[in-house]
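To keep things clear, I will list the structure first and then write my remarks on it.
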Amino acid sequence: DKEIPVVIAASDERLGGAVAAMNSIYQHTRSNVVFHIVTLNDTVDHLRMWLRSPSLKNIRYRILDFDPQILEGKVQVDPQKADTFKPLTFARFYLPNLVPHAEKVIYVDDDVIVQDDIVELYNTPLKPGHAAAFSDDCDSTSSKVAVRGAGNQYNYIGFLDYKKETIRKLAMKANTCSFNPGVFVANLTEWKLQNITKQLEKWMALNVVEELYSKTLAGSITTPPLLIVFYKQHSSIDPMWNIRHLGSSAGKRYSPQFVEAAKLLHWNGHFKPWGRSASYAEVWEKWYVPDPAGKFTLLR
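Note that my numbering has the sequence shown beginning at 1, numbered continuously upward.
Structure (C-alpha cells):
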C-alpha cells in the first residue's frame, strides 16, 4: 500500500492545530498516510504524549527535528521581536531534506482541517517540469469574497517591492496572481532537479541585504521567495482544497453550506480556530483532541 507522505510543521504554542489537522486527514482516508511532523527539539516529548491519545494512536508518523541554524543569514530577525520569529514556517522550503525518499508529498499548514480524502489532493496532476501545485489567489473560490482592505493581497506587487531594481530585472508582471503556500503538492524529483531549495535560499539571503519583500504584506515572509521561484512555473490544485481566509476576520465570510462542501478549510489570518473569535471554530473543534498534558487549551 503506497505511502502518502504529508508534511506538517508543529510548533509548541500551536500544537493543538497540527493535531486537529492530522486527525481530520486520518479520519477521512483509508490510504496509507504517513505524517512527517517537523518540529523543534523541545516539542518532541509533548507531541509524542499527545499522539498516544486513544483516538490518535493508530496514526502513522515520523517526527523530524528542524534545525533553525539552517536559516542563519537568510532571515532578518528583529532583535526587538526575536520571539515572533518562527523558524518552522520555513520547513516547507526544505522538503527533500525532510522526506528524502519520497517522490511526491503534500504540505499543509497547522491551521487547516480536511473534510475529504487527502488522496484526491495527492493525485493532483502536475504539468511536466513543474515542481509544485498551489491554489492561485485569483481563481480561488476563497478570493471571490472580497476581503476589506485587502488591496493587492492577490498580486505579486502585494508581496514584492517593485521599486527595487533586483525585482524589476526579473520582469515578472506586478499584477500576476499570487498563490497561497499553506497547502501544496510537490514533485520532489523535479524539486531536486531544479534545485528549488537552493533557489529559495538565494532569494532569502538577497532579501536580508536588499529588502525585496513588500512592506505592506501581512507578515508573510515565506510567500515572496516562493512567488519568485515558482513564477509561471507551477500547477494548480482544485480550489476546494484550500478554502482560506477563515481566520482573516471574526465574521463569517462563507455560508454554512459552502463550508460543509469545502474539501479543506484553512484559517489563515489572525483569528485561529483555537482562539477566541474565529468563524466556524465549531467545525474545527470536531477534530480537536484535548492535550493530555493540559498545556494547550482552547480560548472560548
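We treat Cβ as the ideally placed atom computed from N, Cα and C, and that holds for glycine. The structure displayed is predicted, hence computed values, not measured ones.
CB contact flag (residue i, residue j, <9 Å)
{"i": "residue 38", "j": "residue 98", "result": "yes"}
{"i": "residue 129", "j": "residue 233", "result": "yes"}
{"i": "residue 241", "j": "residue 89", "result": "no"}
{"i": "residue 253", "j": "residue 246", "result": "yes"}
{"i": "residue 308", "j": "residue 36", "result": "Missing from the structure shown is residue 308; the chain here goes from 1 to 300 and no further."}
{"i": "residue 3", "j": "residue 102", "result": "yes"}
{"i": "residue 237", "j": "residue 93", "result": "no"}
{"i": "residue 195", "j": "residue 126", "result": "no"}
{"i": "residue 332", "j": "residue 278", "result": "Coverage of the chain is limited to positions 1 through 300, which leaves residue 332 absent and any answer about it impossible."}
{"i": "residue 228", "j": "residue 172", "result": "yes"}
{"i": "residue 87", "j": "residue 71", "result": "yes"}
{"i": "residue 34", "j": "residue 77", "result": "no"}
{"i": "residue 231", "j": "residue 156", "result": "yes"}
{"i": "residue 248", "j": "residue 275", "result": "no"}
{"i": "residue 226", "j": "residue 200", "result": "yes"}
Where residue i falls: helix, strand or coil (DSSP)
{"i": "residue 253", "result": "coil"}
{"i": "residue 162", "result": "coil"}
{"i": "residue 104", "result": "strand"}
{"i": "residue 289", "result": "coil"}
{"i": "residue 167", "result": "helix"}
{"i": "residue 37", "result": "strand"}
{"i": "residue 182", "result": "strand"}
{"i": "residue 148", "result": "For residue 148, the predicted model reports a pLDDT of 48, less than 50, meaning its position is unreliable; a value from the coordinates is still stated below. Correct three-state label for residue 148: coil."}
{"i": "residue 12", "result": "helix"}
{"i": "residue 277", "result": "coil"}
{"i": "residue 88", "result": "helix"}
{"i": "residue 187", "result": "strand"}
{"i": "residue 45", "result": "helix"}
{"i": "residue 298", "result": "coil"}
{"i": "residue 23", "result": "helix"}
{"i": "residue 83", "result": "helix"}
{"i": "residue 283", "result": "helix"}
{"i": "residue 212", "result": "coil"}
{"i": "residue 207", "result": "helix"}
{"i": "residue 64", "result": "strand"}
Buried/exposed call for residue i, threshold 16 Cβ in 10 Å
{"i": "residue 262", "result": "buried"}
{"i": "residue 16", "result": "buried"}
{"i": "residue 306", "result": "The requested residue 306 does not occur in the structure, where the chain is confined to residues 1 to 300."}
{"i": "residue 161", "result": "buried"}
{"i": "residue 104", "result": "buried"}
{"i": "residue 223", "result": "buried"}
{"i": "residue 299", "result": "exposed"}
{"i": "residue 100", "result": "exposed"}
{"i": "residue 239", "result": "buried"}
{"i": "residue 67", "result": "exposed"}
{"i": "residue 193", "result": "exposed"}
{"i": "residue 207", "result": "buried"}
{"i": "residue 235", "result": "buried"}
{"i": "residue 136", "result": "buried"}
{"i": "residue 272", "result": "buried"}
{"i": "residue 244", "result": "buried"}
Span of the beta strand (DSSP E) around residue i
{"i": "residue 54", "result": "Counting along the chain, residue 54 falls outside any beta strand (DSSP E), and DSSP gives it neither H nor E."}
{"i": "residue 135", "result": "132 to 136"}
{"i": "residue 3", "result": "3 to 9"}
{"i": "residue 264", "result": "264 to 266"}
{"i": "residue 221", "result": "Element bounds for residue 221: n/a, residue is neither H nor E."}
{"i": "residue 243", "result": "Residue 243 -> no beta strand (DSSP E), and no H or E assigned at all."}
{"i": "residue 113", "result": "112 to 114"}
Segment limits, alpha helix (DSSP H) that includes residue i
{"i": "residue 95", "result": "95 to 98"}
{"i": "residue 58", "result": "Here residue 58 belongs to no alpha helix (DSSP H), and DSSP marks it neither H nor E."}
{"i": "residue 157", "result": "Where residue 157 is concerned, there is no enclosing alpha helix (DSSP H), given that its DSSP letter is neither H nor E."}
{"i": "residue 75", "result": "No alpha helix (DSSP H) contains residue 75, which DSSP labels as neither H nor E."}
{"i": "residue 118", "result": "118 to 122"}
Residue-level contact to chain B via CB, residue i, 9 Å cutoff
{"i": "residue 76", "result": "Protein chains in the displayed structure number just one, and chain B is not present."}
Do the region 286 to 297 and the region 22 to 33 touch if we need at least three Cβ pairs shorter than 8 Å?
yes
Under 8 Å: do the region 176 to 186 and the region 94 to 109 share three or more Cβ pairs, one atom per stretch?
At 8 Å Cβ cutoff, the stretches touch.
Does the region 42 to 49 come within contact of the region 7 to 14, defined as at least 3 CB pairs closer than 8 Å?
yes
Tell me, please, whether the region 169 to 180 touches the region 198 to 216 by the rule of three or more beta-carbon pairs shorter than 8 Å.
no
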